[in-house]
Structures are given as structure tokens and as C-alpha cells.
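For reference, the structure discussed in these notes is given below.
Residue numbers (my numbering): 12 to 297.
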């Protein structure tokens, strides 16, 4: 009803079509060059005329369109688009800025290049596959989702370009990373210069004679309220930690940060140069 009233008023005020300048910014999440995002203005009133333009390297776009009401769509190959619906563009106007991201869901494998990724469901690395995260990758979990790993996994950032796992904006927690025993003692999973933040189902669970190495990584604000090991639970497996920080993790049982089960003999853990800060549990806060 409101749209119809606006259209009628503008048709009374204007006897013929006229051009207005519409501009704004659209960005590719995780990138510095934002050139080539298509901005489509789809007509949604009698006076509007469908048209489109593209962003430059800074993300800026500008276009002359016939005054009217438009649905505006932002698209780029391999990215999930965004939209601004029912835009009343009867006068020159700057639209709100928009950022579009790559999205991930379901089975995942191969090399993931530097970018910000929105995770829309549980991710699974099959037994015969490998997943390698490049420096600068950031996974933002758009709900209570986890990564299940049966295959080979490496997440190796650098001191200048770390890898981040965290909840997306507006999401309280995600569900952590579970590394299973599919490859057994023949496989080593590795996190280096990584930050794992905001899990309520432990940050990492791994089991069945696999080996896990964490170097120069931060595990913060993770929890598990159905047992021990708020940040890491190591079950009959080998854990090596070097220069890691465990901060503000908690559990309902022992091991606010880490809990071990069946990790002796050849599976005895190695923990070197690590800091444990503010972790909590009924016993064994660290």
C-alpha cells in the first residue's frame, strides 16, 4: 500500500521520466580489489527502467537511472549476492554500503585460498580427501555448525597472516572441530598461527591414535558443559603444543582448557612454552 501511494504521488509530481544519480560502495569480503561487482537495478514501478553497472577497484559505483522504485542486486562470481529491496530512487541518492562473501557448506576438500568465508552448515572432510587452509583464511560460522574431519587436514597460517575460526557477527557460538580416526597413526593434523574462538562444544576433539600439532595458536572463549576439556579433548591420541595461548576456556568437569584420556606411553603429550590464562573448571582449570 505504501509503495502504491509513493508511486502515485511521484507520477502526479512528474509528467515524464527523469534521471537521478544513484551511487554507493560494494565490497568483496576479505579482498582489497573490489572491481567487477555487478549492481543490477531491477525496475519495480512504472517509471523505473532496469539497468546495471559495475564497481571499480575501490568498490565505488555510480549510475543514472530513471526515477522510480527498484530492487538492487549485488553479484560476483563464486560469492553469495546481497540485495536492497524496494529502494525509492526518485531523487539522487547514495545507497548503504554492501559487503558480499564466499559461502561454504557440506563436503569440503582441496586448498582454500585466502578469503573470508561464511559457513552455512556443518562441513565434512571425507576419509579420502584433504583440506588445506592457506594463510589469511577466515571461517565465520553462521550458526551452531562444526567441521568434521576424517581425511587429512592442515591449517598453517603465518605470523603476519593468521587463520581464524569464529562465530559470524550476531552468532553467539559455533560447534568446533572434530578430528576422527579415519587415517589413524599414519596422519598428523596441524594448526599453526591459528585462532579458534567462541565454541560451546569444545574447540577441538580428536581421537583414535591420530596426532595433532598446534604451534603459535590461540584458543579463546571456548567451552564444554557436558564434560571436560573446554578447549581440547584428546582421546587416545598424541598432542604436541608449542607457543600456544589458552584463554578464558571452561568446562563442567576437569580440564577447563585441555583434557586427556588414554594419552600415555607413545601418546604422552608434549606441551612447550604455552600460556594458560583465566581458564576454569571444577578441577584442573588449565
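For each residue, glycine too, the CB sits at the ideal point set by N, CA and C.
Local conformation of residue i per DSSP, three classes
i, result
"residue 273", "coil"
"residue 281", "strand"
"residue 213", "coil"
"residue 249", "strand"
"residue 256", "strand"
"residue 185", "strand"
"residue 242", "coil"
"residue 55", "coil"
"residue 155", "coil"
"residue 91", "strand"
"residue 174", "strand"
"residue 219", "coil"
Cα-Cα separation between residue i and residue j, rounded to whole angstroms
i, j, result
"residue 254", "residue 248", "20 Å"
"residue 178", "residue 185", "6 Å"
"residue 155", "residue 74", "40 Å"
"residue 98", "residue 68", "25 Å"
"residue 167", "residue 127", "16 Å"
"residue 66", "residue 48", "5 Å"
"residue 129", "residue 188", "16 Å"
"residue 44", "residue 205", "25 Å"
"residue 241", "residue 120", "27 Å"
"residue 202", "residue 262", "22 Å"
"residue 293", "residue 236", "11 Å"
"residue 26", "residue 84", "With a pLDDT of only 44 at residue 26, under the threshold of 50, the placement of this residue in the model should not be trusted, and no figure is reported."
"residue 146", "residue 124", "8 Å"
"residue 281", "residue 272", "15 Å"
"residue 161", "residue 221", "10 Å"
"residue 41", "residue 62", "28 Å"
"residue 297", "residue 151", "27 Å"
"residue 278", "residue 117", "32 Å"
"residue 291", "residue 180", "26 Å"
"residue 144", "residue 55", "43 Å"
"residue 217", "residue 244", "7 Å"
"residue 139", "residue 157", "19 Å"
"residue 170", "residue 264", "34 Å"
"residue 213", "residue 228", "15 Å"
"residue 70", "residue 57", "30 Å"
Contact under 8 Å by Cβ, residue i with residue j
i, j, result
"residue 131", "residue 106", "no"
"residue 76", "residue 93", "no"
"residue 274", "residue 257", "no"
"residue 10", "residue 175", "As displayed, the chain neither begins before 12 nor continues past 297, which places residue 10 out of reach and without an answer."
"residue 82", "residue 100", "no"
"residue 113", "residue 90", "yes"
"residue 209", "residue 232", "yes"
"residue 190", "residue 200", "yes"
"residue 153", "residue 182", "yes"
"residue 259", "residue 289", "yes"
"residue 283", "residue 250", "no"
"residue 103", "residue 50", "no"
"residue 163", "residue 133", "no"
"residue 79", "residue 59", "yes"
Cβ of residue i within 8 Å of any chain D Cβ
i, result
"residue 106", "In the structure shown, chain D cannot be found, because there is only a single protein chain."
>> For a minimum of 4 consecutive residues, which ranges assigned as the alpha helix (DSSP H) are wholly contained in the stretch 107-158?
In response: Annotation note: the stretch 107-158 contains no uninterrupted alpha helix (DSSP H) run of length 4 or greater.
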